[in-house]
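Residue numbers (UniProt numbering): 1 to 466.
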Amino acid sequence: TLQGLAFTLEERQQLNIHGLLPPCFLSQDIQVLRVLANFERQTSDLDRYILLMSLQDRNEKLFYKVLTSDIERFMPIVYTPTVGLACQQYGTAFRRPRYAIVVTDGERILGLGDLGCYGMGIPVGKLALYTACGGLKPQECLPVMLDVGTENEGLLKDPLYIGLRHKRIRGQAYDDLLDEFMQAVTSRYGKNCLVQFEDFANTNAFRLLNKYRNLYCTFNDDIQGTASVALAGLLAALRITDNRLSDHTILFQGAGEAALGIANLIVMSMEKEGTAKEEAIKKIWMVDSKGLIVKGRASLTSEKQRFAHQHEEMKNLEDIVNKIRPTALIGVAAIGGAFTKKIIMDMVSFNKRPIIFALSNPTSKAECSAEDCYHFTEVICQQVSKEHLEEGRLYPPLALIQDVSLKIAVKIVKQAYINNTATFYPEPEDKEAFIRSQMYSTDYESFLTDSYTWPKEAMEIQTGNF
């Protein structure tokens, strides 16, 4: 319906749709209010997700207008945590695919595991955030699901499952498909087309990143995207703890893509402070499903071996925290409630200002909630002033994400011209204005054709009315 009842009378006449719509004219703002009313009537977050995705199919401008009207309210619906539930039930939530490159093979969707082609909800949701938060034009985005099968027996037996019903293709056939995909992307859209890898299994994620990173314009969000945001939080925390990153001991609950990506970036940041790489690595500890990662432990991947230290084997996280006594605790293992009251209280006893990041998603898999931390340390929190609470915010408010995205984009563009990696010339003098001009607008466009009238005297002459 493009823009529904917002078409003017003139537009309806020129587009030959007059009479196909009710004789009512609603502004886009009124349409937003109608969507919000329908949104409130839904009884579950999954129903709200389906309502918004259906709106995106019908009226993309209105969808993003709604999304950007209250990004804090709608982001948890179109992406985590609701998108995890939507992926699990994609057979019933499926409407029609987007013309929408974020790519996944569905093997490790959030903390939910192998969801096969139902993982398509992740690229679709992530690109919706690209537009709502970063202003990227939706017609320039493409979500891709590489369906190579699934190991999920429940899906293989589900009559509503819409993907290939066989075990996952692996080995050379899998690699050939990825090679063909990457070549096809650059052949069709050029070398500068960004390909974001999302929710691939650990065994493939690091391997594919190392294979393609110097050949294509690509990154892995789980390894590099999460790492950059986590490191930004740690660097912001240093303004509160008033020391260097190299002064911290960091313990990870989890040793997968996210943990290893964050750890490697932390090492690089410590090196920038002047700490030797070997010393930086010694400050990082990891716990996986088998316990503390230490030297001599069997079945360690090369990525994990880098952070294996000389220490006795330990399995219980509470004991490990008490033994290592970290200044920063980062959860990326998707084990809900892993940060117990004892662990949080121990972190408080070790440190004047402990750093605790519970990064796993969806929310049901988070190691703890902010509410848990406040509740467990209630007596201590009573002594914290309003100024201290304000100081404890490590990230800008979500409501400001569009402004923050613009400021980050300006800095990236400036650095691109300094590094001679920019591809747009001549260099814009006002880079912020240039970026704004490229951003997606949620406002409706006019469909009226350009028209004009002749001067009255000319019309009289040309029509013979002398």
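Built from N, CA and C at the ideal position, the CB exists for glycine as well.
Next on the checklist: So, with DSSP's three-state summary, where would you put Met145?
Outcome noted: strand
Item to check | Straight-line gap, His248 to Gly336 (C-alpha atoms, nearest Å) | outcome: 25 Å
Checklist entry - Who are the Cβ neighbours of Leu398 in its own chain at under 8 Å, not counting the five residues just before and after it? => result Ile71, Glu72 and Met75
Item to check | Beta carbon of Ile122 nearer than 9 Å to that of Leu251 | outcome: no
Next on the checklist: Tell me which residues share the same chain as Met347 and place their Cβ nearer than 8 Å to its Cβ, disregarding the 5 neighbours each side in the sequence.
Outcome noted: Val321, Pro326, Leu329, Pro354 and Ile356
Checklist entry - Smallest Cα separation from Ile169: which of Thr449, Leu156 and Glu151? => result Glu151
Checklist entry - Pairing CB atoms from the segment 298-307 with CB atoms from the segment 210-223, are three or more of them under 8 Å? => result no
Next on the checklist: At the level of alpha carbons, what is the spacing between Ala100 and Ser54?
Outcome noted: Low confidence applies to Ala100: its pLDDT is 37, below 50, so where it sits in the model is not reliable, and the reading given next is rough at best. Their Cα atoms are separated by approximately 15 Å.
Item to check | Ser187 to His375 span [Cα, whole Å] | outcome: 55 Å
Checklist entry - From what residue to what residue does the alpha helix (DSSP H) around Val332 run? => result Premise fails: Val332 is in no alpha helix (DSSP H) and is neither H nor E.
Next on the checklist: DSSP three-state label for Asp403, please.
Outcome noted: helix
Item to check | C-alpha gap between Ser269 and Gly84, whole angstroms | outcome: 32 Å
Checklist entry - Fully enclosed by the segment 1-78, which alpha helix (DSSP H) runs are 4 residues long or longer? => result 9-14, 28-41, 45-58, 60-69 and 71-78
Item to check | Of the listed residues Tyr130, Gly134, Val148 and Lys304, nearest to Gly116 (C-alpha basis) | outcome: Val148
Next on the checklist: Distance check for Ala263 and Ala227, CA to CA, integer angstroms please.
Outcome noted: 8 Å
Checklist entry - Taking just the CA atoms, how far does Lys407 sit from Val413? => result 10 Å
Checklist entry - Should Phe339 go down as buried or exposed, given a rule of 16 or more other Cβ atoms within 10 Å for buried? => result buried
Next on the checklist: Threshold first: 3 residues or longer. Then list the beta strand (DSSP E) segments lying entirely within the segment 298-367, N to C.
Outcome noted: 328-331 and 355-358
Item to check | Beta-carbon gap between Ile109 and Cys141 smaller than 9 Å | outcome: no
Checklist entry - Expressed to the nearest angstrom, what Euclidean distance is found between the alpha-carbon atoms of Ala280 and Val267? => result 5 Å
Checklist entry - Run through DSSP, which three-state label would Leu292 get? => result strand
Next on the checklist: One question on the structure: do Met439 and Leu129 come within less than 9 Å of each other, judged by their Cβ atoms?
Outcome noted: no
Checklist entry - In its own chain, which residues sit with a C-beta less than 8 Å from the C-beta of Ala416, not counting the 5 before and 5 after it? => result Ala422
Item to check | Exposure of Gly111, with buried meaning 16 or more beta-carbon neighbours within 10 Å | outcome: buried
Next on the checklist: I need the DSSP call for Thr241, collapsed to helix, strand or coil.
Outcome noted: helix
Checklist entry - Taking the alpha carbon of Leu36 as the point to measure from, which residue in Pro23, Lys65 and Leu20 has its own alpha carbon closest? => result Lys65
Checklist entry - Just the Cα atoms here: how many angstroms apart are Val384 and Thr131? => result For Val384, the pLDDT reaches just 44, beneath the cut-off of 50, and the residue's location in the model is therefore unreliable, leaving the point undetermined.
Checklist entry - Where DSSP assigns a beta bridge to Phe197, which residues make up the other side? => result Val103 and Asn220
Checklist entry - Is residue 481 near Ala173, with beta carbons less than 9 Å apart? => result With the chain covering 1 to 466 only, the question about residue 481 has no answer from this structure.
Item to check | Reference Asp450, options Thr104, Leu2, Val294 and Glu10, closest by Cα | outcome: Glu10
Next on the checklist: Out of Ser364, Lys365 and Ala358, which one is the CA nearest neighbour of Cys373?
Outcome noted: Ala358
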